[in-house]
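Read through the structure below, which is laid out as structure tokens, and then see the notes.
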């Protein structure tokens, strides 16, 4: 168990968090993907690009998670 | 299987709401992943999203951006909620609002909104099972005979949830997901091969929508429903983690890290969801004709996916797929009934009926309530037209969104006044109902509650575009809350005492203050 040291005021703010805006905003920009061409493996752009946004979401949240985790030194 | 869960991670004291309703707040990464996933991606989704694609095309694909934006959106919000709940022993979002704003009335509104929004959601899980049963030809003469399989399945569900609490659905979620992954993997490889490739599938869908007279369909969006598309995706995403059952899954996790990790791992389900959605187009390519609906002349498009499996696969594999949909309905139904029971117990029973309830009494009330909730859901489906629960689900999503200012903004700032939040809630509700009332349903020929796409022309705007009702209502809610807050401050109305401290929002597992407080009441399980 962690020894009860008097902790510094904790916070979860971090400049990395701003990155989270990217996967929130991009998938909502319909003009970006509302097209049939170019197709990819038979998929119209509308479908394959939105599926690709999942990777964008996973990538960004994973990056933010990793970067903000290392910064916190108060866990043993 | 569910009964085994009672002994799994055997708790020291099952007669405590923390244990029964939150699995002892001890779940690690994997279990949380399955639990929250099992919660959010339900049988109804597997049946309804492809049905929407089948009927309307691209507009149904909103489910993908919706489940992409949820996680970054809630990445920071949920860890705060977890921390403050962990620190104060909150079991429901209404518990949090109660302490934060010092207002039992506001908490009651949040709790009732949560329960009302959850009930039809449970009933919808049964609609998923019904679509399967209908395809298998299980139809009886009396309503009771027709629903017999559902009633039996629900009785089992009720029994194991009663005994094991949240541990039961958590364990069964493993089985559900394994089945679904297998089924989908096979379907998305095998079906396109049988149907002539993905290109042919999209071409078939395109041909259907070009030929159909409906204005809103197509394999891409048209000029009028783009605003609807992204507001629906954003609004639904905001609503999702306000549903009490999703919060239950989150609060049950062990620490902040588990939640953060899951926020980046859960989108794996979205990929699955995208592929499942495309089953709707495969059904078009395969020439599936949906079974007739409850009224003559209507069709039950929820049956397209079960029919597709029935048509293209050997009986044994279709059987596995149907079983997957069935279990996929029971897991979320169990979690939802637990969440509704937690709300009732904490924010109605304890607040208004029995102030000095012991933890053991709380737990037993929650158990009984979860039974009542499930019986209510079954009654819904047996005695009412399923279309009615779909309408209620639509309303449910819009009204749960009205709790966003109190819960989400409350986690950050306490600037909004409790009275103003109540006023905003009421304004949002009234506007939402008025808007939903205006929308006719083209398919079923009814004048009201026909969908969530509100024509902007109704506001007097010179536009043929549509927008998601919940989105407009929550903006109105916020505007009213801000204005009334300003007014109440001018009038110097007491804002109540905040029961939380800023530091609470960052507390983590093993917080020394919590260990000290809990030592007197419950033996804490010492972590690794």
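Chains as they are written, first to last, in the working numbering: chain P, 814 to 889; chain G, 128 to 655.
Ideal placement from N, C-alpha and C gives every residue a C-beta, glycine not left out.
For residue i, which residues from the same chain have a beta carbon less than 6 angstroms from its beta carbon, with the 5 sequence-adjacent residues on both sides left out?
| i | result |
| --- | --- |
| residue 277 of chain G | 253 and 256 |
| residue 382 of chain G | 635 and 636 |
| residue 848 of chain P | 858 |
| residue 461 of chain G | 284, 288 and 296 |
| residue 222 of chain G | 473 |
| residue 543 of chain G | 608 and 612 |
| residue 819 of chain P | Note on residue 819 of chain P: pLDDT 49, under 50, position unreliable in the model; the coordinate value appears next. The answer is none, since no qualifying residue turns up. |
| residue 467 of chain G | 242, 245 and 500 |
| residue 415 of chain G | 431, 434 and 435 |
Once the 5 residues before and after residue i are set aside, which same chain residues still bring their CB inside 7 angstroms of it?
| i | result |
| --- | --- |
| residue 318 of chain G | 409 and 439 |
| residue 428 of chain G | 178, 181, 182 and 417 |
| residue 498 of chain G | 285 and 289 |
| residue 345 of chain G | 184, 185 and 336 |
| residue 231 of chain G | 225 and 478 |
| residue 364 of chain G | 193, 196, 197 and 200 |
Taking 9 angstroms as the threshold (beta carbon to beta carbon), is residue i in contact with chain G?
| i | result |
| --- | --- |
| residue 851 of chain P | no |
| residue 844 of chain P | yes |
| residue 840 of chain P | yes |
| residue 828 of chain P | no |
| residue 878 of chain P | yes |
Compare the C-beta of residue i against all C-beta atoms of chain P and say whether one is closer than 9 angstroms.
| i | result |
| --- | --- |
| residue 398 of chain G | yes |
| residue 589 of chain G | no |
| residue 390 of chain G | yes |
| residue 275 of chain G | no |
| residue 177 of chain G | no |
| residue 256 of chain G | no |
| residue 387 of chain G | yes |
| residue 356 of chain G | yes |
| residue 633 of chain G | yes |
| residue 198 of chain G | yes |
| residue 598 of chain G | no |
| residue 147 of chain G | no |
| residue 394 of chain G | yes |
| residue 207 of chain G | yes |
| residue 307 of chain G | no |
| residue 384 of chain G | yes |
| residue 510 of chain G | no |
| residue 160 of chain G | no |
| residue 401 of chain G | yes |
| residue 328 of chain G | yes |
| residue 377 of chain G | no |
For residue i, which beta-bridge partners are listed by DSSP?
| i | result |
| --- | --- |
| residue 594 of chain G | G:581 |
| residue 853 of chain P | P:856 |
| residue 363 of chain G | Its beta-bridge partners do not exist; DSSP assigns none. |
Specify the secondary structure class of residue i as computed by DSSP and reduced to three states.
| i | result |
| --- | --- |
| residue 814 of chain P | Caution applies to residue 814 of chain P, whose pLDDT of 42 falls short of 50 and renders its modelled position unreliable; the value that the coordinates give is listed next. Coil, per DSSP. |
| residue 345 of chain G | strand |
| residue 184 of chain G | strand |
| residue 281 of chain G | helix |
| residue 210 of chain G | helix |
| residue 291 of chain G | helix |
| residue 380 of chain G | strand |
| residue 154 of chain G | strand |
| residue 622 of chain G | coil |
| residue 631 of chain G | helix |
| residue 304 of chain G | helix |
| residue 566 of chain G | coil |
| residue 330 of chain G | helix |
| residue 827 of chain P | coil |
| residue 846 of chain P | helix |
| residue 166 of chain G | helix |
| residue 351 of chain G | coil |
| residue 544 of chain G | coil |
| residue 533 of chain G | helix |
| residue 323 of chain G | coil |
| residue 576 of chain G | coil |
Excluding the 5 residues preceding and the 5 following residue i in the sequence, name in chain order all residues of the same chain whose CB lies nearer than 8 angstroms to its CB.
| i | result |
| --- | --- |
| residue 386 of chain G | 159, 205, 206, 209, 377 and 380 |
| residue 488 of chain G | 481 |
| residue 833 of chain P | 873, 874 and 877 |
| residue 830 of chain P | 877 and 881 |
| residue 176 of chain G | 187, 190, 400, 403, 404 and 407 |
| residue 389 of chain G | 156, 159, 160, 163 and 380 |
Assuming residue i contacts residue j (C-beta within less than 8 angstroms), just tell me the rounded distance between them.
| i | j | result |
| --- | --- | --- |
| residue 611 of chain G | residue 531 of chain G | The pair is not a contact, with the Cβ atoms about 16 angstroms apart (cut-off 8 angstroms). |
| residue 621 of chain G | residue 551 of chain G | Rounded, the Cβ-Cβ distance is 18 angstroms, inconsistent with contact. |
| residue 262 of chain G | residue 470 of chain G | Actually they are not in contact, since the Cβ atoms of residue 262 of chain G and residue 470 of chain G sit about 35 angstroms apart, beyond 8 angstroms. |
| residue 152 of chain G | residue 215 of chain G | The pair is not a contact, with the Cβ atoms about 12 angstroms apart (cut-off 8 angstroms). |
Quick one: does residue i have its CB under 9 angstroms from some CB of chain B?
| i | result |
| --- | --- |
| residue 347 of chain G | In the structure shown, chain B cannot be found, because the protein chains are P and G. |
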